[in-house]
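Numbering (my numbering), first residue to last: 749 to 1373.
Encoded as structure tokens, the structure appears first; notes follow it.
Okay, here's the thing in structure tokens:
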């Protein structure tokens, strides 16, 4: 892209008129005669004709016929083609002579072809389109709306959107096609004036008798896009949709339900109609899944990426599909946008799909390309990894250094999230270089004490406690009588009580200069059964009698995903039991469930009397928490 130059001065009209060729070629003819984007550029380089907009429209028409992989490859060839710069220069010189619809179709094609939005060519087109917006007819209105919706926010796009709103306000009653009306409604934005939204709503109500089934389906998404709850429109469209639901694609069902959620529109008849339809056609959905499995060899990289989101939307966990798509995705991860990474991890979370190779592939990719990601992006990924119980060691180490180097980038929200991730995943287990990081985090938290909420302060200090670190100023503020009282009477009281109990225990047992526990008497947290695993309790009673051994029977969730690294809460319990003089042994409850009594005795004997579990090793273990 560095080769694309858009700084040439625009010459006068005489020069342009001399360069304009007398025999133009239509973009439709170009699209028929050419098989690739490079073919179009070759045609242009041999005999450029006016208008240059036809070449961009032809390239986009051809690109639409291609698969995603082929499209990506062709776009790269287009940018590297020697005639591409020349075409852009011609387009710049012709801007003032083009018809308004030619300007719009050109810009639409350029945006879809991926020409960077910050180039002089794109920005010039945006300004000229804004200046001549009064030339916009109904057809142009639809194209302009699609362009604005497809572009990233910037000053010229915002100005153009504002101009579109003014134009729509003037011309709304002249719009004849329902499709154009819906396109405009979807584009004007959630922050559009309420009066304009109401005017568009009234226009849509007037056109209800013209609504096709597709228009009714689309209206849910349109109203959600403009954040406008129109009960009358939604009710009428719901009736039309349910009456014609047979054969409705899965994507439409999901879009409608998501829009209802966004608009807080509750319609039992609509929900029941969708549920009944899916119930009566259940076998069809299973068939579609089997068809997808048979089509795996035809999946493009984009298909594989999308499959995670599709299965999550269906709430259907297909291990075979997910495993195959994971392999394809990891093999082609280079250049993957942040949004795709987040969508895939969020889908894995929703589906409870745990694939260490997939998570490790994503973490390794972000680690090796660390400098190109924003601070917030990496943090968001780490939060999702924590939700998935996955500890990306190298990425967390690298992010830790970033925090130490740029503490000024920390906000209250960031501090609480970072502390939660690192404490929950127990990142400093058997790690000696944590002090500088914890000091930076404590200093940042101390600097925010004047404007931090009581609950956020509790979350942060609780996380510090899990990591056996107790910064004086935050702990002092948290244990103020009015703060503790507020935590015990508002918010998530049960969670607050639990965290205050944990902190109270940490202050009493851990090696800390802070000699003050929670001043107020705390309500008792919900009691857990004294012997959560009866089989383990019975076997231990026969083996140990009264010896000072603490056997923790733990679930998978107490470990990170590899089932070898204890998470923060378990690490803290082990630390405290060691301080109290107990010899700590971990027993995995999923392993015990498979054992008969005699096998369980042998299993626990091996656990208790193994070399790794000898009490002499406890000193080393204790010092690492």
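Quick reminder that beta carbons are idealized off the backbone N, C-alpha and C, glycines included.
None of the values given here were measured: they were computed from a predicted structure.
TODO: Have a look at 1013, 999 and 997 and flag the residue whose alpha-carbon is nearest the alpha-carbon of residue 985.
DONE: Against the chain shown, residue 985 aligns to sequence position 237. Per the Cα distances, 1013.
TODO: Please report the residue range of the alpha helix (DSSP H) in which residue 1298 lies.
DONE: Taking the first residue of the chain shown as 1, we reach residue 1298 at position 550. That residue, residue 1298, is in no alpha helix (DSSP H); its beta strand (DSSP E) goes 1297–1302.
TODO: Pull up the distance between the alpha-carbon of residue 1158 and that of residue 1184, whole angstroms please.
DONE: On the chain shown, position 410 is the one that residue 1158 refers to. On the chain shown, position 436 is the one that residue 1184 refers to. So the two alpha carbons sit approximately 15 Å from each other.
Open item on the list: According to DSSP, is residue 1219 part of a helix, a strand, or is it coil?
Closed with: Walking along the chain shown from the start, residue 1219 turns up at place 471. Three-state DSSP puts residue 1219 in coil, outside helix and strand.
TODO: Indicate whether residue 1349 and residue 1333 have their beta-carbon atoms separated by less than 8 Å.
DONE: Walking along the chain shown from the start, residue 1349 turns up at place 601. Walking along the chain shown from the start, residue 1333 turns up at place 585. Cβ distance not < 8 Å, so residue 1349 and residue 1333 don't count as in contact.
- [ ] Have a look at residue 794 and residue 823 and give me their C-alpha separation to the nearest angstrom.
- [x] Position 46 of the chain shown, counted from the start, is the residue given in the question as residue 794. Position 75 of the chain shown, counted from the start, is the residue given in the question as residue 823. So the two alpha carbons sit approximately 20 Å from each other.
Open item on the list: If you follow the beta strand (DSSP E) that residue 1334 is in, where does it begin and where does it stop?
Closed with: In the chain shown, counting from the first residue as 1, residue 1334 sits at position 586. In the DSSP annotation of this structure, the continuous segment of the beta strand (DSSP E) that includes residue 1334 starts and ends at 1331–1336.
TODO: Return helix, strand or coil for residue 1025, following the three-state DSSP convention.
DONE: Stepping through the chain shown from its first residue, residue 1025 is reached at position 277. Of the three classes helix, strand and coil, the one that applies to residue 1025 here is helix, per DSSP.
- [ ] May I ask which residues mark the beginning and end of the alpha helix (DSSP H) holding residue 808?
- [x] Here residue 808 is taken as the residue at index 60 of the chain shown, counted from 1. Unbroken alpha helix (DSSP H) run through residue 808: 801–811.
Open item on the list: Suppose only complete runs of 3+ residues qualify. What are the beta strand (DSSP E) ranges in the segment 1121–1145, listed by chain order?
Closed with: none
Open item on the list: For residue 1314, list the residues DSSP reports as bridge partners.
Closed with: Your numbering for residue 1314 matches position 566 in the chain shown. The partner list for residue 1314 (beta bridge, DSSP) reads 1307.
TODO: Have a look at residue 1278 and residue 1164 and give me their C-alpha separation to the nearest angstrom.
DONE: Locating residue 1278 in the chain shown gives position 530, where the first residue counts as 1. Locating residue 1164 in the chain shown gives position 416, where the first residue counts as 1. With a pLDDT of 49 at residue 1278, under the threshold of 50, the predicted position of this residue should be treated as unreliable, and no value is reported.
Open item on the list: Once the 5 residues before and after residue 1111 are set aside, which same chain residues still bring their CB inside 6 Å of it?
Closed with: Taking the first residue of the chain shown as position 1, residue 1111 is located at position 363. Contacts found: 1140 and 1143.
- [ ] Give the range of the alpha helix (DSSP H) segment to which residue 821 is assigned.
- [x] Sequence index remark: in the chain shown, residue 821 carries index 73 (1-based). From DSSP, the alpha helix (DSSP H) with residue 821 extends over 816–828.
Open item on the list: So, at 8 Å on beta carbons, what are the nonlocal neighbours of residue 1368 in its own chain, with the 5 sequence-adjacent residues on each side left out?
Closed with: Against the chain shown, residue 1368 aligns to sequence position 620. Because residue 1368 carries a pLDDT of 32, less than 50, the predicted location of this residue cannot be relied on, and the following value inherits that uncertainty. Correct list: empty, nothing qualifies.
Task: Contacting residues, own chain, Cβ-Cβ under 6 Å from residue 1107 (five flanking each side not counted) - done: Walking along the chain shown from the start, residue 1107 turns up at place 359. Only 1138 meet the Cβ criterion.
Open item on the list: Checking 8 Å against the spacing of the C-beta atoms, do residue 1331 and residue 1298 come in under that value?
Closed with: In the chain shown, the residue the question calls residue 1331 occupies position 583. In the chain shown, the residue the question calls residue 1298 occupies position 550. Yes, the Cβ-Cβ distance between residue 1331 and residue 1298 is below 8 Å.
- [ ] Assign residue 1345 to one of three DSSP states: helix, strand, or coil.
- [x] Taking the chain shown and counting its residues from 1, the one referred to as residue 1345 is at position 597. Three-state result, residue 1345: helix.
Task: Reduced DSSP category for residue 1211 - H, G, I as helix; E, B as strand; rest coil - done: Counted from its first residue, the chain shown places residue 1211 at position 463. Correct three-state label for residue 1211: helix.
Open item on the list: Mapping the DSSP letters down to three states, classify residue 1155 as helix, strand or coil.
Closed with: As a position in the chain shown, residue 1155 is number 407, starting the count at 1. It is helical.
Open item on the list: Quick check: residue 1193 and residue 1222, are their CB atoms within less than 8 Å of each other?
Closed with: Residue mapping note: residue 1193 aligns to position 445 of the chain shown, counting from 1. Residue mapping note: residue 1222 aligns to position 474 of the chain shown, counting from 1. Cβ distance < 8 Å, so residue 1193 and residue 1222 count as in contact.
Open item on the list: Three or more C-beta pairs under 8 Å: does that hold for the segment 894–912 against the segment 864–873?
Closed with: yes
Task: Closest residue to residue 1224 among 1169, 907, 849 and 1255 (Cα-Cα distance) - done: Here the question's residue 1224 lines up with position 476 in the chain shown. Selected option, being the one with the closest Cα: 1255.
Open item on the list: Please state the DSSP three-state secondary structure of residue 911.
Closed with: Counting from 1 along the chain shown, the entry for residue 911 is found at position 163. Helix.
TODO: Enumerate in chain order the residues of its own chain whose CB-to-CB distance from residue 1114 is below 7 Å, with the five nearest sequence positions on each side excluded.
DONE: The count along the chain shown starts at 1 and reaches residue 1114 at position 366. Cβ within range, chain order: 1121, 1126, 1129 and 1143.
Open item on the list: Residues in the same chain with beta-carbon distance under 7 Å from residue 1098, minus the five sequence neighbours each way, listed in chain order, please.
Closed with: Translated into positions along the chain shown, residue 1098 becomes position 350. Excluding residues within five positions, the ones whose Cβ falls inside 7 Å are 1060.
Task: Simplified DSSP state of residue 1094, which is helix, strand or coil - done: Position 346 of the chain shown, counting from 1, holds the residue named residue 1094. Helix at residue 1094.
Open item on the list: Which residue marks the beginning of the alpha helix (DSSP H) containing residue 863, and which one marks its end?
Closed with: Taking the first residue of the chain shown as position 1, residue 863 is located at position 115. It is not in any alpha helix (DSSP H) - residue 863 carries neither H nor E in the DSSP assignment.
Open item on the list: For a quick check, are the C-beta atoms of residue 1300 and residue 1321 less than 8 Å apart?
Closed with: Numbered from 1 along the chain shown, position 552 holds the residue referred to as residue 1300. Numbered from 1 along the chain shown, position 573 holds the residue referred to as residue 1321. In contact: residue 1300 and residue 1321 (Cβ atoms closer than 8 Å).
Open item on the list: Residues in the same chain with beta-carbon distance under 6 Å from residue 1148, minus the five sequence neighbours each way, listed in chain order, please.
Closed with: Within the chain shown, the letter at position 400 stands for residue 1148. Once the five neighbours on either side are set aside, the close Cβ partners of residue 1148 are 1185.
Open item on the list: Whole angstroms are fine: how far does the CA of residue 1169 sit from the CA of residue 789?
Closed with: Stepping through the chain shown from its first residue, residue 789 is reached at position 41. Stepping through the chain shown from its first residue, residue 1169 is reached at position 421. Computed Cα separation, rounded: 51 Å.
Task: Chain-order list of residues whose beta-carbon lies under 8 Å from that of residue 911 (same chain, five-residue window excluded) - done: Stepping through the chain shown from its first residue, residue 911 is reached at position 163. Same-chain partners within the cutoff: 878 and 881.
Task: Where the alpha helix (DSSP H) containing residue 794 begins and where it ends - done: Indexing the chain shown from 1 puts residue 794 at position 46. 785–794 is the extent of the alpha helix (DSSP H) around residue 794.
- [ ] Check whether the segment 1087–1101 touches the segment 1049–1067, counting contact only when three or more Cβ pairs, one atom from each stretch, lie closer than 8 Å.
- [x] Counting Cβ pairs under 8 Å, three or more are found: they touch.
Open item on the list: Here's the rule I'm using: 16 or more other beta-carbon atoms within 10 Å means buried, otherwise exposed. How should residue 774 be labelled?
Closed with: Your numbering for residue 774 matches position 26 in the chain shown. The residue is exposed, with fewer than 16 neighbouring Cβ atoms inside 10 Å.
Task: Per-residue burial, residue 909 [other beta carbons within 10 Å of its own, 16 or more giving buried] - done: To locate residue 909, count along the chain shown from 1; it is residue 161. Buried: at least 16 other Cβ atoms inside 10 Å.
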